[in-house]
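Trainee: Encoded as C-alpha cells, here's the structure I'll be asking about.
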Amino acid sequence: MADGVAGNEGWSKLGAEPGLCGRCRHAKVNETRKGTAYLRCTRAAWDERLPRYPRLPVRECVGFEPG
Ligand code: SF4
1 MADGVAGNEG WSKLGAEPGL CGRCRHAKVN ETRKGTAYLR CTRAAWDERL PRYPRLPVRE
61 CVGFEPG
C-alpha cells in the first residue's frame, strides 16, 4: 500500500524525509534522469510566501493542506 501518494515512485528517492510536504496536496515529486528526485511545491506558483523547492524536511508551512 502506498503512503497516501499513490503512483509516485519518486518519493522514495528524495534522499530526505519530506516532513509536512509528504502529506501535503501541493507537493509534487519530479525525478531526474539520474534517478534522483526533488520535491516541488506547486502552491509556490501562486503563493509567494512559499519556496518553489522547499528545503526538506519541512516542519512548518503556512501553505500546508493535507491531501
Ligand atoms: S505548501 Fe508547504 S507543505 Fe505543502 S508542498 Fe508546499 S512547502 Fe510543502
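Here full-length UniProt numbering is used: the first residue of the sequence shown is 1, the next is one more, and so on.
Ideal placement from N, C-alpha and C gives every residue a C-beta, glycine not left out.
Using three-state DSSP, classify C61 as helix, strand or coil.
Mentor: Here C61 sits in coil by DSSP.
Trainee: Would you call the CB atoms of V29 and W46 closer than 7 Å?
Mentor: Cβ atoms of V29 and W46: not closer than 7 Å.
Trainee: Cα separation between G15 and T36?
Mentor: Going from the Cα of G15 to the Cα of T36 covers about 8 Å.
Trainee: Measure the alpha-carbon distance for F64 versus H26 and round it to whole angstroms.
Mentor: Taking the straight line joining both Cα atoms gives about 8 Å.
Trainee: Do the CB positions of P57 and E17 come within less than 7 Å of each other?
Mentor: Their beta carbons are under 7 Å apart, which means P57 touches E17 by this criterion.
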